[in-house]
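Chains A and B, in that order, give the protein sequences.
End of the first sequence sits at 640 in the numbering used here; the numbers just go up one at a time, nothing left out.
End of the second sequence sits at 509 in the numbering used here; the numbers just go up one at a time, nothing left out.
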Amino acid sequence: MLRLDGLRITLGDFSLAADMEIPHPGITAIIGPSGGGKSTLLAAIGGFLTPDTGHVFWNGSNITTLPPGDRPMTTLFQDNNLFPHLTIAQNVGLGISPALRLSVTDRDLIASVIDRVGLTGLADRKPAQLSGGQQSRVALARALARNKPVVLLDEPFSALGPGLRNEMLDLVAETLGGTVLMVTHDPADALRIAQNAVLISGGTARPPTDTKTLISDPPPELRDYLGKTP
Amino acid sequence: MAERARPLGPAVPLGWAAAGFVASLTLGTLLAVIWRAEVPARLAPADWAAIRFTVLQASLSAVISVALAIPVARALARRRFPGRGALITLLGAPFLLPVIVAILGLLAVFGRAGILNTALTALNLPPISIYGLHGVVLAHVFFNLPLAVRLILQGWLAIPAERFRLAASLNMGPAEIRRFLETPMLRATLPGALMVIFLICLTSFAIALTLGGGPRATTIELAIYQAFSFEFDLGRAALLAGIQFTLTGIAALVAFRIARPSDFGTGMDRVMDRWDAKTPVTRAIDTIWIALAALFLLVPLIMIAANGIAGLTILPSAVGWAALRSILVALTSVTVTLALALPLAMAVTSLRPRGSSRLLEGCGYLSIAASPLVLGTGLFVLLFPIANPATLALPVTACVNALMTLPFAIRILVPAVAEVEDRHGRLADSLGMSGTARLRWLLWPRLRRPIGFAAGLSAALSMGDLGVIALFADADQATLPLQVFRLMSAYRMEEAAGAALLLLILSLALFWAFDRGGRANAAA
Chain A
411 MLRLDGLRIT LGDFSLAADM EIPHPGITAI IGPSGGGKST LLAAIGGFLT
461 PDTGHVFWNG SNITTLPPGD RPMTTLFQDN NLFPHLTIAQ NVGLGISPAL
511 RLSVTDRDLI ASVIDRVGLT GLADRKPAQL SGGQQSRVAL ARALARNKPV
561 VLLDEPFSAL GPGLRNEMLD LVAETLGGTV LMVTHDPADA LRIAQNAVLI
611 SGGTARPPTD TKTLISDPPP ELRDYLGKTP
Chain B
-14 MAERARPLGP AVPLGWAAAG FVASLTLGTL LAVIWRAEVP ARLAPADWAA
36 IRFTVLQASL SAVISVALAI PVARALARRR FPGRGALITL LGAPFLLPVI
86 VAILGLLAVF GRAGILNTAL TALNLPPISI YGLHGVVLAH VFFNLPLAVR
136 LILQGWLAIP AERFRLAASL NMGPAEIRRF LETPMLRATL PGALMVIFLI
186 CLTSFAIALT LGGGPRATTI ELAIYQAFSF EFDLGRAALL AGIQFTLTGI
236 AALVAFRIAR PSDFGTGMDR VMDRWDAKTP VTRAIDTIWI ALAALFLLVP
286 LIMIAANGIA GLTILPSAVG WAALRSILVA LTSVTVTLAL ALPLAMAVTS
336 LRPRGSSRLL EGCGYLSIAA SPLVLGTGLF VLLFPIANPA TLALPVTACV
386 NALMTLPFAI RILVPAVAEV EDRHGRLADS LGMSGTARLR WLLWPRLRRP
436 IGFAAGLSAA LSMGDLGVIA LFADADQATL PLQVFRLMSA YRMEEAAGAA
486 LLLLILSLAL FWAFDRGGRA NAAA
């Protein structure tokens, strides 16, 4: 289980505090107004930002200072999820070995995750030859191949149209086990696949609560964001 | 404040090692020369004359290059004509042109039996001499006018087109446009261009060696050469080198502070719409400036080709061996340059805090201020006890050439690495790609083009260099530029012209091969 203990991140005059446990397994959404610190929280958990104070624990061990690649987690970024000069199979393979030293079993695994995200036969293409939706699938395939207990989604599907986005969200819910932490600015995304949701506003991340309850009976700061009148 | 955490990998220690290597070579060789100098050195009056001459010729070269470049750049910025792109490409060529080749071209035009003097004699006018201060300045302007034009042209094209549209809608004439748009741009651009050219001309050696010389036209670098080769006065050479290091170091610091980085790339194919410059008079003025600049640059180059073709067939076999040695030196130099520049660039982009990153980058630029001759001699002094000096001439030359081209390689690679890290670094971090895995699967494929370009520049510069080798090579160790110089000094001009053309072809071919290699199959 992922635990954030007295975490505080300062970036210039922006600051964010978080203290919570993330349910495992399960999908947890991070929602809140833009600029509120959703991606910042995810970056701190993923190891791309060092918090000023506080710790990140995974199953009781302190991972606060571990480099991103050594953490029990994998991140799907908003963009630049694929290396444009490598093939789909190589991009997925980097999730298994960062030096691309792959065994026969590894190659079978790569082929099977590419099949699972519905890209059979495209393994030797370069990212530029794929559509935006297909590129998202490659990133997801790599997350599957990495097989880490925690997956961090930093709005990787935000550039897709609503239909494709829902398709990808369903694929995430269907294929990823373990803990999934998903940043989204659209409450519909959270309602669609996330059991729990973390609300970030006013520099604080609140502990996760049931998504449906949170959105149907929003606290005042979420009400402003959702634009609903009480 | 939260800093971005980053797994540094071996790039940083390797980068520091490279920086330490450069620093100990540039500064250590100077110390080695001082240490070997037995008598405490004193500056002779001739040395003071050399210092004065160096500053004078560099100032004149900078001012004249920039003054001539302003109207040429303005004309290029606002005129569209066939061959404009080719002319702008040609403006990049002098950078790759071996100095000794250019000098032969200039001699063919301005020399004793050159086109100009032949014409003057035919008109019963007294001939002019290319030797001395004006010859040195002429050659420097030939090399640096194109650079100045490119720098200023960048400034002109950086003025947003909307401004000129606004000016036209306000019915501004040429005088108002000059006052409100062009003068502010020039005020921002010219100091940098002046400083960069001043800096380049400060350490001039080959031009002063061939066109200068004598008590009244000796640069510091040439005085160092003479102290070494005629008097073997290591103390004076070291003292002069120290003075040159200080002078160039100060100029370099000022230049870095005020100069905008010159784009090696393209992006100058845009032409401004200028509603104020459509009169026949402005058109005629622009045409004349472009024609003059093109003539000044092209005629010497054409003369090299024209004179060289005949000479190519009568080249002595020594020239062939010299060419082979030069290619080997250039390839070694490229290897050393990249082996230093890549870890340096990787370390500079990943190192925090900024201060140490700057220090690291600064080490890579140290050789700008160093004297190649002192570098070479220092290496000799240090290696003398453990190696046979006769075998050292070529390795020492390759090493010095590598250090001298390192600043260019760093200028190209640091921003390129930074861009790759900016776009893909986070993903590579998240996948745990560090060290060789990162180099092989991320940096190398993404950096092939800039690496090829840097390698090409480094190869061409090393191929054409006439510096350290002039001190140490005996008869059967000459590189091709030195061979050209020796043929020239022996007045075997036809063979010299042939060898010069061969040198030019080989330099351009090496540049092309590396640059091309970087582009071929370069990932999209």
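C-beta: ideal position from N, C-alpha, C; glycine also.
Sequence-distant residues of its chain with Cβ nearer than 6 Å to residue i (five each side left out)
i, result
"A:Glu565", "Gln488 and Val593"
"B:Phe249", "The predicted position of B:Phe249 is uncertain, since its pLDDT is 46 and thus under 50; no value can be drawn from it."
"B:Leu45", "Val122"
"B:Ile353", "Ala237 and Pro392"
"B:Pro265", "none"
"B:Glu167", "none"
"A:Ile603", "Ile437, Leu579 and Ala583"
Endpoints, alpha helix (DSSP H) assigned at residue i
i, result
"B:Val304", "Ser302 to Ser335"
"B:Ala475", "Element bounds for B:Ala475: n/a, residue is neither H nor E."
"A:Leu467", "Checking the displayed sequence, the identity of residue 467 of chain A turns out to be Phe instead of Leu. Where A:Phe467 is concerned, there is no enclosing alpha helix (DSSP H), although the beta strand (DSSP E) it sits in stretches over Thr463 to Trp468."
"A:Val527", "From DSSP, A:Val527 is part of no alpha helix (DSSP H); its letter is neither H nor E."
"B:Ile436", "Trp429 to Gly449"
"A:Asp480", "Careful: A:Asp480 lies outside any alpha helix (DSSP H) and carries neither H nor E."
"B:Tyr350", "Arg339 to Tyr350"
"B:Thr264", "Counting along the chain, B:Thr264 falls outside any alpha helix (DSSP H), and DSSP gives it neither H nor E."
"B:Ser9", "Ala(-4) to Arg21"
"B:Ile243", "Leu219 to Ile243"
"A:Gly456", "Lys448 to Gly456"
Which of helix, strand or coil DSSP assigns to residue i
i, result
"A:Val593", "strand"
"A:Met430", "strand"
"B:Phe80", "helix"
"A:Thr515", "helix"
"A:Thr621", "helix"
"B:Ala372", "coil"
"B:Ala463", "coil"
"B:Leu110", "coil"
"A:Asp599", "helix"
"A:Thr614", "strand"
"B:Ser44", "helix"
"A:Asn576", "helix"
"A:Asp534", "coil"
"A:Asp415", "strand"
"B:Trp497", "helix"
"A:Ser541", "coil"
"B:Ser214", "helix"
"B:Ala387", "helix"
"B:Met170", "helix"
"A:Pro508", "coil"
"A:Asn557", "coil"
"B:Ala98", "coil"
Residue i - partner residues in DSSP beta bridges
i, result
"A:Thr420", "A:Ser425"
"A:Asn491", "None; A:Asn491 has no bridge partner."
"A:Ile440", "A:Val593 and A:Val608"
"B:Asp32", "Partner(s): none; B:Asp32 has no beta bridge."
"B:Ala208", "DSSP, once it has assigned bridges, lists no residue as partnering B:Ala208."
"B:Ser189", "BP columns for B:Ser189 are empty, so no partner."
"A:Ser471", "A:Trp468"
Boundaries (first-last residue) of the beta strand (DSSP E) holding residue i
i, result
"A:Asn501", "No beta strand (DSSP E) contains A:Asn501, which is instead part of the alpha helix (DSSP H) from Ile498 to Gly503."
"A:Met483", "Met483 to Leu486"
"A:Leu560", "One detail in the question is off: residue 560 of chain A reads as Val in this sequence, not Leu. Where A:Val560 is concerned, the enclosing beta strand (DSSP E) stretches over Val560 to Asp564."
Residues near residue i in its chain [Cβ-Cβ closer than 8 Å; skip 5 each side]
i, result
"B:Leu101", "Val94, Phe95 and Ile113"
"A:Leu504", "Phe493, Leu496, Leu510 and Arg552"
"A:Asp534", "Thr497, Ile498 and Ala499"
"B:Thr517", "The first residue shown for chain B is -14 and the last is 509, placing residue 517 of chain B beyond what the model contains."
"B:Met418", "Trp426 and Leu427"
Chain-order list of residues whose beta-carbon lies under 7 Å from that of residue i (same chain, five-residue window excluded)
i, result
"B:Ala308", "Leu465, Leu487 and Leu491"
"B:Ile205", "Ala35, Ile36, Thr39, Leu225, Ile228 and Gln229"
"B:Leu219", "Val18, Arg21 and Ala22"
Best match in the options for proximity to residue i [C-alpha to C-alpha]
i, options, result
"B:Phe127", "B:Arg150, B:Leu82 and B:Gly177", "B:Leu82"
"A:Ala600", "A:Gly612, A:Leu563, A:Asn472 and A:Ser611", "A:Leu563"
"B:Pro326", "B:Ile397, B:Asp459, B:Val385 and B:Gly199", "The question names Pro, yet the displayed sequence has Ala at residue 326 of chain B. Closest by alpha carbon: B:Ile397."
"B:Leu91", "B:Ala484, B:Ile289, B:Arg433 and B:Val399", "B:Ile289"
"B:Val48", "B:Met180, B:Met478, B:Val18 and B:Leu138", "B:Met180"
"B:Trp141", "B:Arg64, B:Ala494 and B:Gly503", "B:Arg64"
"A:Leu426", "A:Pro572, A:Ala439 and A:Gly446", "A:Gly446"
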